[in-house]
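Visitor:
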Amino acid sequence: MHIAIDPGAAAVLDALHRAGHRAYLVGGCVRDSLAGRAPQDWDICTSARPDQTLALFGETQCIPTGLQHGTVTVRQGGGLYEVTTFRVEKGYTDGRHPDHVAFVADVKADLARRDFTINAMAYDPAEGLIDPFGGREDLLVRRVVRAVGEPARRFEEDGLRILRLYRFGAREELALDPATARAALQERARLGCVSAERIWQELAKLLAARQPGRWMPFAILELLLPGLDGAQYPGSIRAVDALPPDPLARLAALLAPAGPEKAARALEKLRCSRAEAAEVLALVKESGLALTGEAPRLQARRLLARLDPGTVRRLLALRQAQTGEKGFAALASAAAALEQEQACCRVGQLAVNGRDLLALGVRPGPAVGRLLSAALEQVVEEKLPNDRAALLGWLRTQQIP
Numbered sequence: 001m002h003i004a005i006d007p008g009a010a011a012v013l014d015a016l017h018r019a020g021h022r023a024y025l026v027g028g029c030v031r032d033s034l035a036g037r038a039p040q041d042w043d044i045c046t047s048a049r050p051d052q053t054l055a056l057f058g059e060t061q062c063i064p065t066g067l068q069h070g071t072v073t074v075r076q077g078g079g080l081y082e083v084t085t086f087r088v089e090k091g092y093t094d095g096r097h098p099d100h101v102a103f104v105a106d107v108k109a110d111l112a113r114r115d116f117t118i119n120a121m122a123y124d125p126a127e128g129l130i131d132p133f134g135g136r137e138d139l140l141v142r143r144v145v146r147a148v149g150e151p152a153r154r155f156e157e158d159g160l161r162i163l164r165l166y167r168f169g170a171r172e173e174l175a176l177d178p179a180t181a182r183a184a185l186q187e188r189a190r191l192g193c194v195s196a197e198r199i200w201q202e203l204a205k206l207l208a209a210r211q212p213g214r215w216m217p218f219a220i221l222e223l224l225l226p227g228l229d230g231a232q233y234p235g236s237i238r239a240v241d242a243l244p245p246d247p248l249a250r251l252a253a254l255l256a257p258a259g260p261e262k263a264a265r266a267l268e269k270l271r272c273s274r275a276e277a278a279e280v281l282a283l284v285k286e287s288g289l290a291l292t293g294e295a296p297r298l299q300a301r302r303l304l305a306r307l308d309p310g311t312v313r314r315l316l317a318l319r320q321a322q323t324g325e326k327g328f329a330a331l332a333s334a335a336a337a338l339e340q341e342q343a344c345c346r347v348g349q350l351a352v353n354g355r356d357l358l359a360l361g362v363r364p365g366p367a368v369g370r371l372l373s374a375a376l377e378q379v380v381e382e383k384l385p386n387d388r389a390a391l392l393g394w395l396r397t398q399q400i401p
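Just so we're aligned: the sequence shown equals residues 1 to 401 in full-length UniProt numbering.
1) Suppose contacts are defined by Cβ-Cβ distances below 8 Å. Is proline 50 in contact with leucine 67 by that definition?
2) State the Cα-Cα distance for the pair glycine 149 and aspartate 131, rounded to the nearest angstrom.
3) What is the residue span of the alpha helix (DSSP H) that glutamine 299 lies within?
4) Per DSSP, threonine 117 is paired with what?
5) Output yes or no for whether 8 Å exceeds the beta carbon distance between lysine 108 and histidine 100.
6) Using a threshold of 8 Å, state whether the C-beta atoms of isoleucine 162 and arginine 190 are closer than that.
7) I believe threonine 46 touches valine 83 by the beta-carbon criterion, under 8 Å. Please report the beta-carbon distance rounded to the nearest angstrom.
8) To which residues does DSSP link glycine 79 through a beta bridge?
9) Mark aspartate 308 as exposed unless 16 or more other C-beta atoms lie within 10 angstroms of its C-beta, in which case mark it buried.
10) Check whether the segment 292-310 and the segment 263-277 are in contact - that is, three or more C-beta pairs closer than 8 Å.
11) Determine the closest residue to alanine 196 out of Gly159, Leu228 and Glu172, with distance taken between C-alpha atoms.
12) Ignore the nearest five residues each way along the sequence and tell me which others in alanine 286's own chain have a CB closer than 6 Å to its CB.
13) Assuming threonine 311 is part of the alpha helix (DSSP H), what are its boundary residues?
14) Cβ atoms of arginine 250 and leucine 207: under 8 Å apart, would you say?
15) Leaving out five residues before and five after cysteine 344 in sequence, what residues of the same chain have Cβ atoms less than 8 Å from its Cβ?
16) Could you compute how far the alpha carbon of alanine 112 sits from the alpha carbon of tyrosine 166?
17) If you draw a straight line from the alpha carbon of glycine 70 to that of aspartate 246, how long is it in whole angstroms?
18) Determine the extent of the beta strand (DSSP E) in which threonine 46 is found, giving its start and end residues.
Quick look at the structure:
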């Protein structure tokens, strides 16, 4: 087999080989290449020790990313490449990081410490594929995610691997090896040893898969998102699969049945960013949105008057996924048309502003905002055009404070 290697990665491999070291592409770039996808990152493992890597490429070309774990990031041809010494690991007191790291000379020993067989492959153009655990067959023939060695031990070493199991299954659309799946459920309490930030990063990747529902068991998700409603969970999963691969909309689909209060607590535990949490909570609060029977353009304009356009797009997709009602698709089309037209839906889009009101004799203060909001309502309800003369004429008829 042959892998088309990124030029920068090829240059790093070549430099290591010419210096007398063994070096291989490893992990995700090999897996993605076998799956027919262009890798996002090209990681390299080598017999070279970190000090040898630094000496070979020069300190100006290197970032000492994690020397204690053998990792140096090399700048090459405009790209960044992680170069890590072959290593074995011992002891995981915190259930996340190794207590001891020892450098070794054998690439197969290095591959044996990895999580799943599909990630435990290395490649060198001269030697070909190094695959001691059958990762290629698991990926392309058996179509399973399987732990390297004893599954429970892999999860004891790093609790995040439990969530990675489901993420790789969903991303590659692979079945889960039965023994690996059983161990993941048995060891699921180890997710409590993982930082909330890492949990969210991994969960977001899972939610970005094409249709992740079958890889999201309630027994796992209820640990990550306390307050999930078990009785309504199957319906939530159907909504997740019906939505586009948008992690925030899909997270809202999971949390909506719990209600805003429980959703807020779950989001606080998850430690996503403030902007992400605010968006998901807004969707949860609005998840009871119903079709009014009015013209889609009018209802869409009202939504755009009180919610950001991106939130409206997500909300209408969410309601379509939850209910299957085609009216929400019509609303989404109407909202998109209003955005395209740059139709007035916000005070800042009005053809008049606060200075115009002051010129009409309105005193500075809250009255200015109230009158502008009233003018916007007239435009949104399509009782007035967003025309300066028409709006000024209407404002003159109002009781000026």
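Every residue gets a Cβ at the ideal spot worked out from N, C-alpha and C, and that includes glycine.
Guide: By the coordinates alone:
1) yes
2) 14 Å
3) 296-306
4) Its beta-bridge partners do not exist; DSSP assigns none.
5) no
6) yes
7) 6 Å
8) Gln76
9) exposed
10) no
11) Gly159
12) One detail in the question is off: residue 286 reads as glutamate in this sequence, not alanine. Closer than 6 Å at the Cβ level, and outside the excluded window around glutamate 286, lie Leu315.
13) 309-323
14) yes
15) Leu350, Ala351, Leu376, Val379, Val380 and Asn386
16) 20 Å
17) 36 Å
18) 44-46
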